[in-house]
Amino acid sequence: MKRLIYLLIFMPLALMAQDQVLVSGTVVGDKDGMPVVGASVYVSSSMIGNQTDEKGILQGAMLGTTTDFDGNFELRVDPNIKSLVISYMGFESKTIQLGNNTQNLKINLKESSENLDEVIITGYQKIEKRKATSSYAKIDVSEIEQAGVATVDQMLTGQLPGVMVQPTTGAPGAPSKISIRGIATLNGSSDPLWVLDGIPLQGDDIPEDFRDKDNIDNLQSSPIAGLNPGDIESITVLKDASATSIYGARAANGVIVITSKKGKKGAMRINTNANVFVTQRPDFSKLNLMDSSQKVDFELYLAGRSDLTYQHNRGAVARILNNYNQYDIFQDNGFDAISSAAQNAINELRNVNTNWGKELYQMAVNQQYTLSISGGSENNDYYFSAGLFDEQGTTIGTGQKRFNITLKDNFSITDKLKVGVALFGSQNRTSSYITGADAYTNPAYYARHANPYLQLTDANGNYVYDPDLVERSDLNLNYNVLEERRNTDHEYKANSLKSIFNIDYDFNDDLKFSTQLGLQLDFNSTEKFSDRNSYYTRKYRQRSQYSVTGGYDYFMPEGGIIQNWNADVFQYNWKTTANYNTIFNKRHELDLMLGTEFRQNKNTEIHTKGFGFNSNTLTTIPITNELALENSLFDTYKKTYNENVFASFYGTASYTLDRKYTVFGSLRYDGSNLFGVNPKYRYLPIWSFAGSWNLDKEDFMANIPAIDVFKLRASYGVQGNIDKSTSPFVVGIYDNVSILPGTNEEVIRATNAPNPNLRWEKTTSSNIGFDMSLFNNRVFLTGDYYSRKSTDLIGLRSIPLENGYNFISTNWATVSNKGYELSINTTNINTPNFRWTSGLNISHNKSVVEDIEIPENNLKPSLKGYSVNAIFALKTAGLDSNGLPLFWQNGRKVTAVEFYNLEEGVDGSQLSREDHRNLYTYAGDGMPKFTGGFRNTFAYKQFDLRVLTNFNIKQTVRAEPTYNPTQAQPGSNYNTDILKAGTGKYPALIGANSPGFNTNLLYSWYNTYDAGNTYRDLDIWLKDISYIRISSIRLSYALPKKQLERLRISGLNFNLEARNMFVIGTDYDGYFDPETYGSLYAQPIPKIISAGFNLSL
Amino acid sequence: MKKLLYFFTLIIGLTSCNDYLEVEPVGQVIPKTVEDYRSFLTSAYSITNIGKILTSYRGDELRLNTNASGIEQYEDIFIWNDRNASPLTRAFPYASFYSIIFYCNHIIENQNNIEGDQNSIDQLVGEAYALRAMQYFELVNLYAKPYDNNATNDEPAVPIVTVYDAEKAYPKKSLEEVYSQILSDLEEAQALVNVNQQDEGLNYRFSKIAVLAFQARVALYQQNWEEAIAFSEEALSIRSDIQNLNDNASIMPSEYNSVESILALENVADLDLVTKSSISDDLIAAYDPESDLRFALYYEQYNDGRYHSKKSAQNKFKVSYRTSELYFIIAESLAHLNQTDSAKETLLDFAENRYTPSGFSAYQDFVNTLDNESLLTEILKERRREFAIEGHRWNDLRRTTQPEITKTYNGNSYTLEEGDERYTLLLPNDAIINNPDL
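Next up, the structure:
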């Protein structure tokens, strides 16, 4: 295969070739003598050009190869060729002269000292590591690559210090929530900025409250959803102000720079990667739900208690008792007193145990393929790849399918002029289920509440509707999860084309220009379809009910509902920089950059709805009833459009003295279209300065041979942000209204309350850190301490309603984040046959809300003095003799009646808002105290074993109460906690007439008057979660050289990987995963076993 | 080096190029022209307000259907249980009045900056004054004691806002102050509004006749009888049509396209009012179904055997002022001025349009027997029949005798005493929470 391609490409060359000389040899590293695998060995075009003086032969520049697994290479060259170049990342390139002896050459490559080659790619500049002053973290994707993971964000979990990655749900294609160095805002997005090869990517924000029922089932695209991790070379995270300030206001939450793979100089490489991965069905028993027998007993218990009347006619037991007219008999005299027919019918229920885990979740076999072709010469390098990722989720009906094509080519037109093009095209299709507005039909939620004895189909295979999922006692719209899955569709299709075009022109060695244009075209479409026979459609139709003489009718036509959202995103980003780098007097290094950046994005979204949809004719039926005009649910068309433009000017300057001391400064002005915003805020200045000191270069360090590199860094910077939605003026949006029949008029609605006094949000950050390399680069240490303070944060403040608004955006809070990060990378054992390396990183971040203005009417305490995600709870002190909760108040145990200040006739006003706030005490931080990861790789001969873990230490999470003591109802299933009600920490089930002193008071409090829903805030629902997740164990085997030669291929690896198999830590009973503890709607994070191979030609 | 110079020139050129950043966002606007401001005011007109609907539950026109789903939203309004109302109870509007006032204030404040034809600007600003007056009038009639011409009216009513300032404190102003604000706004409106009558479909907007009708109503509520008559007569000089139900019973006289319509702005009924309640026995008994043509036009008997309102949620049922009301204002004022005969004449002139010919002659005979005091009572009774489920009743009860009302709900009996303090609503909780000065 390889030969065939070579033949086609090099045919013209081969024809010209005369007697060729065979060059062969081995490339090894000079320090350890280990073979260098994959080093490029090639004929430099300039050499050919120089030596043959024939222009045409420049094609010979393609001539080259790469070393195999033993560092060996073989190459046939024209006898005119007198030298070869050998290069590899992390080593200094070497040119060897070809003498008479051209065979079995032994080539020692010198390791580039202190990784001089390593540069930090900021997206604007490449900064040599030794001159770096900022805090960043970099990782090669090859180190963390995992099979069965669609996007690179998930792979980053626990891999980079200071970068917290949390999965939102286990659904295929679900984005991860990333926060870098804590959260510096109280209401804006905290997502970092993603940058691909210098181009900032545009994409949806991940909702702050991603556990919210409405957000979790919303399919959406993250900026990187279309990128195949296999096309990514490395990820660099920019963390402190001196690193991010060059990106302007958008970078306030940090920047993640993706560097994609490009062709290496040398012969063409063809690489195939194929994986089959099996996602396991989740362990449903983790949810601790009652089984049929327990549930029947529980329903009997409820029916036996005449004081518990909440929806007491629901549930199969109550229905049977009512059918046989035995409810009262049972209540008065117990189970033995009722008729045997009723007894049998009830006992029959115990024998039906619907396996909800099996009905809703599945094991799925999935696959993933990538094919890439890459190579290069002195003048040109190319990288082409195609990929397919196909995953079915563990929740039946969910899945993701992605196709990728990547084309990259860089070529030199002359020595000075270089041009590069890159195209990243993808289609990403995500499918899921439909949930209605109240999310009761979210499968994860439904499975928790559906009765275990409920059968899904009857003996004839007809759907059985859940008699307990009803809208009102007199309205059941017939829900069956199987029917719903069959008759509804929810698909999100993201077509994305990202293209980058750049031109670099070097005037001379010192002065370089570069201009880069990036285009991002995204077409995202969502389709939600629900057929006529579905609960979703029935429920929607219910909303079109209206009264006619003596009854009701519906204006929504019969048939399905089809809803489409088509979003069209266009973005261009054009930036131009001039770089001037010079060294004078051999000790002064100066690097200057000036640049401009223009960016525009346009976003169009069209949302259409069709009713009476017929899936055969694909047509809809118009709604003719005038009532539909007044109900926005039945609007059939809505278009939104917005456009933003940005113009920025920036510059950086860096000065290094004696290769020891570096000072750095940057300044950027960000301008944007600010409609109706105070013009004095049109251009935001963002600046930083920083310095570093390479201690290891000092004479006094020369005597400490253990230390190879020792560097100290410090930085300080200021970033600003303004709230674009608030204006000093009255700004309106257009709308249409019909006030009287027959007139439809354009109106201008005032949007937000104007606030002429609004100021910028400002964040100042400082960072100090060190980088250290010890014992011949076997130990790398990086540590950082930072402090970020955001002042004048914008939030909503309530204002007198007499203003015409409830809220106004105002500068109301100050938040600081302080934390430290440490990462250690070590080579523990390094022998020719065995190598063990590990990487550990750990981060700690603590946020403090230093100042905040809370509305007088807040029910919960102010965050002032606590962290942004502080959790407050009501401290309980066990139960009283009636099973009612006791509380701690001012150091003593009090009854609930005392605690809430209850008495006959109270309606909630017995507690002033301040009293209400004082019920709470601080219970913990909703953000983990420590996060991080631990990575180990072991290489033994042909085998490689890699173990990735990530950990989260001490995160306080509030779970949803497993039951409500005043609303325990027989129609729903529960966590087995409810069986313990009245014992331990679990409050007893009570009704209005339950026995016990003042029980009725607590009943009406929890049932009606507790406006702040304090029951949810009892500390019994809190948990401090700590865990270590073994996210990946991967074993791979590389075919030895002999076999490869026999197969005429350059590499073949087999790998087996197990993902998410174990979690060690505090228990997370009642939930599938510790990451989604407390979320009733999240899908389980899949456990995956994969097998695959990687073939290189 | 030359190229370098070009490059920097380019950068600097672009720096000054602020045009690049001038993007007028689609769908967003800062109102400038009179057309913009018209759309802005239409927005204010379109803010719906359920105050009139909710007061119907509070008065004596309805009976609640105990079993209707969602009846919790109305029961505490129905039985005047304000202090302990269920959290599900629908709230009387408060913020929405001030929301409309915000729009009006913005137009009034900027009247000199609006670009466009001066006549249109005057009309627009005049309407803004009238609409603002209307909000304050509705506010005080919900949340303050009725106006008493013989008293000082200095008890705190509601805050007055005429300029937007989120930093300012807003204490309550006295009833007298609010009424003088209303009167001065109406005078401004009368001076500026230059459209005599609005066309059908646009008659949610104020016109000269609508401002006059409003002034007449304010005068009536302030017991300024002569003024009430004068404003009414001036309004009637622009239009005095009454729909004769003997000739045309195809639509209700309160509908927006009836000949009587002066201003069709407020919602007076909704779907819940039609389905979750029925007309009270008391109100049904007020009609003679044989001779009163309104009975069949206003009500409909459902399968439950009860009569339900035909006025419902549709826009066509919106109404604020109509010519009939002017006749009633005149009749009532005349009666107060002891001009019994003229009052009778006005009432009968009107009533002829509502009864069958035989019914009318009987009614005529009856009215002619009345002395002044019983005539006044009869005018109010006729007024009740005419404006049933039109949002008048609660205010009429309040401003006249504040009689005792007894209702039965869910087997219990509830009484609103004569002159009960619950004839005035409590300010909603969210208003008090957001404004500590209330």
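Sequence order for the protein chains is A and B.
If you read the first sequence in full-length UniProt numbering, its first letter stands for residue 1, the second for the next number, and so on.
If you read the second sequence in full-length UniProt numbering, its first letter stands for residue 1, the second for the next number, and so on.
A virtual CB, placed ideally from N, CA and C, is assigned to each residue, including glycine.
- Just so you know, the alpha carbons of isoleucine 871 of chain A and leucine 1018 of chain A end up roughly 11 Å apart.
- Between serine 715 of chain A and alanine 1011 of chain A, the C-beta gap is not smaller than 8 Å, which leaves the two residues out of contact.
- Of the other Cβ atoms in all chains shown, 16 or more fall within 10 Å of the Cβ of aspartate 272 of chain B; this residue is therefore buried.
- With respect to the 8 Å criterion, asparagine 564 of chain A and serine 525 of chain A are classified as neighbours on the basis of their beta carbons.
- Among the CB atoms of chain A, one or more fall inside 8 Å of the CB of proline 436 of chain B.
- Counting other Cβ atoms within 10 Å of its Cβ, glycine 33 of chain A stays below 16 and is therefore classed as exposed.
- For leucine 22 of chain A, the uninterrupted beta strand (DSSP E) run begins and ends at 21-29, by DSSP.
- For chain A, the residues of the segment 55-75 of chain B that bring a beta carbon within less than 7 Å of one of its beta carbons are Ser69, in chain order.
- Between the segment 102-112 of chain B and the segment 35-48 of chain B, the count of C-beta pairs closer than 8 Å reaches three or more; the two stretches touch.
- The residue from A/Gln520, A/Val278, A/Asp70 with its alpha-carbon nearest to that of alanine 1091 of chain A is A/Val278.
- Neighbours of arginine 749 of chain A in chain B, taken as residues whose beta carbon is under 7 Å from its own, are Ser43 in chain order.
- Per the DSSP secondary-structure output, glutamate 128 of chain A pairs in a beta bridge with A/Val119.
- Assignment of beta-bridge partners to proline 800 of chain A by DSSP yields no partner.
- For methionine 164 of chain A, the enclosing beta strand (DSSP E) covers residues 163-167.
- Straight-line spacing of the CA atoms in methionine 772 of chain A and glutamine 400 of chain A works out to 43 Å.
- By the criterion of at least three beta-carbon pairs nearer than 8 Å, the segment 623-643 of chain A is not in contact with the segment 651-671 of chain A.
- The DSSP assignment places complete beta strand (DSSP E) segments of no fewer than 3 residues inside the segment 880-942 of chain A at 885-889, 892-895, 921-925, 930-940, in order along the chain.
- Separation of the CB atoms of histidine 312 of chain A and proline 970 of chain A is rounded to 7 Å, and the pair is thereby assigned contact status at 8 Å.
- By a beta-carbon distance limit of 8 Å, glycine 359 of chain B contacts aspartate 292 of chain B. Their separation comes to about 7 Å.
- For methionine 268 of chain A, there is no enclosing alpha helix (DSSP H); the residue is part of the beta strand (DSSP E) that begins and ends at 266-279.
- The continuous stretches of beta strand (DSSP E) do not include valine 481 of chain A, which lies in the alpha helix (DSSP H) extending over residues 481-487.
- Using a C-beta cut-off of 8 Å, the segment 223-233 of chain A makes no contact with the segment 332-350 of chain A, since fewer than three inter-stretch Cβ pairs fall below that distance.
- The beta-bridge partner set that DSSP reports for proline 79 of chain A is empty.
- In the DSSP assignment, methionine 34 of chain A is bridged to no other residue.
- Here the C-alpha atom of tyrosine 409 of chain B lies approximately 22 Å from the C-alpha atom of arginine 472 of chain A.
- Within the same chain, Cβ atoms closer than 6 Å to the Cβ of leucine 781 of chain A are found at Met772, Ile824, the five residues on either side in sequence being excluded.
- Three or more Cβ pairs closer than 8 Å define a contact, and the segment 957-974 of chain A meets that threshold against the segment 1016-1031 of chain A.
- Taking every protein chain shown into account, the CB of asparagine 113 of chain B has fewer than 16 other CB atoms within 10 angstroms, so this residue is exposed.
- Annotation: the segment 132-158 of chain A contains the following complete segments of the beta strand (DSSP E) (minimum length 3 residues), in chain order: 136-140.
- Annotated three-state conformation of aspartate 670 of chain A is strand, per DSSP.
- In the DSSP secondary-structure assignment, arginine 749 of chain A is bridged to A/Ile733.
- The continuous beta strand (DSSP E) containing tryptophan 836 of chain A extends over residues 834-852.
- Per DSSP, reduced to three states, the secondary structure at serine 174 of chain B is strand.
- DSSP places proline 1074 of chain A in no beta strand (DSSP E); its state is neither H nor E.
- Of the other Cβ atoms in all chains shown, fewer than 16 fall within 10 Å of the Cβ of asparagine 993 of chain A; this residue is therefore exposed.
- Nearest neighbour of proline 282 of chain A by Cα position, chosen from A/Gly304, A/Gly315, A/Ala364, turns out to be A/Ala364.
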